[in-house]
Amino acid sequence: MNTPADPVVRVLQGRDVLAHADALRSVYADAFAAPPWNEDEERAAEFAGRLTHDVRRPGFTAALAFAGRDVVGFATGWTTLPPFPTDRCYPQAAAGLGARRTNDWLCGAFELDELAVRPRAQGSGLAGRLLEAVTAPAPEGRCWLLTSVRAPRALGFYRRQGWIQATHPSPDGKGVVVFLGPRHPARHLVPQPL
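Residue numbers (this note's numbering): -15 to 178.
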């Protein structure tokens, strides 16, 4: 049962999230302004602009945390379709896993794209609740994400949530690594320690 101070997490599908685009932009700016991300208002606006496209992706899902009417955190993701994407940081993920594992492990799986919590709500367990809410429906537990090794707090958080690092940073990349979710069937195939 939620107390008044305990944010309520709601899962939204597709375009329903667009009604909250301004709030998500604000949370993004708040959550990613500090190091190591150093995102500015322009990057937050780019994220909000991408939402219009992202909500049309197959399997798009968002978990939003509401404290009253205020959004204090969110997680978004979608199903990664084949062929594996070649924009953003995807080539670094593919280089780390190789073509076959990229196709077998990531294509058709739920990809966590963003997870953001306002600084005042961090350390409360809210990020873990959002992560679980957005990834719980992943078919056969197949979910994954990319993050940067320059973000030790994020790395530690995902490990504490049961996620497993599946790649080393790509030598020609910016320290991006792939994590597989706690119920991903390929997680036992990842050599450890990594």
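All residues carry an ideal CB built from backbone N, CA and C; glycine is no exception.
Note that the structure is a prediction, hence the values are computed from the model and not measured.
Whole-angstrom distance between residue j and residue i, CA atom to CA atom
i     : j    : result
Q149  : L164 : 7 Å
P103  : T63  : 28 Å
V(-7) : G112 : 11 Å
R27   : L35  : 13 Å
A29   : H172 : 39 Å
A47   : G146 : 19 Å
P153  : G82  : 13 Å
T131  : C91  : 18 Å
A135  : D0   : 31 Å
V101  : E95  : 18 Å
A13   : F58  : 12 Å
V160  : P175 : 18 Å
T180  : C127 : Because the chain is modelled from -15 through 178, residue 180 falls outside the range shown and cannot be assessed.
Three-state class that DSSP yields for residue i in the structure shown
i     : result
D0    : helix
S108  : coil
E124  : helix
Q145  : coil
R(-6) : strand
A93   : coil
E98   : strand
A227  : Not covered by the structure: residue 227. The range shown for the chain is -15 to 178.
Test: residue i CB closer than 9 Å to a CB of chain B
i    : result
H152 : Protein chains in the displayed structure number just one, and chain B is not present.
Pick from the options that is closest to residue i, judged by C-alpha positions
i     : options                   : result
P166  : V133, P123 and P103       : P123
T119  : D97, P136 and A135        : D97
V39   : T60, D24, A15 and R126    : T60
H37   : L2, S10 and L8            : L2
Q(-3) : A93, P42, L114 and P67    : P42
F50   : P69, T70, G33 and V11     : V11
P177  : H168, V160, A170 and T151 : T151
Residue i classed as buried or exposed, judged by whether at least 16 other C-beta atoms fall within 10 angstroms
i    : result
R143 : exposed
L65  : exposed
Touch check for the segment 69 to 77 and the segment 101 to 108: three-plus C-beta pairs under 8 Å?
no
How do the segment 12 to 22 and the segment 78 to 88 stand: do at least 3 beta-carbon pairs fall below 8 Å, yes or no?
no
Do the segment 130 to 144 and the segment 45 to 64 meet, that is, are 3 or more Cβ pairs less than 8 Å apart?
no
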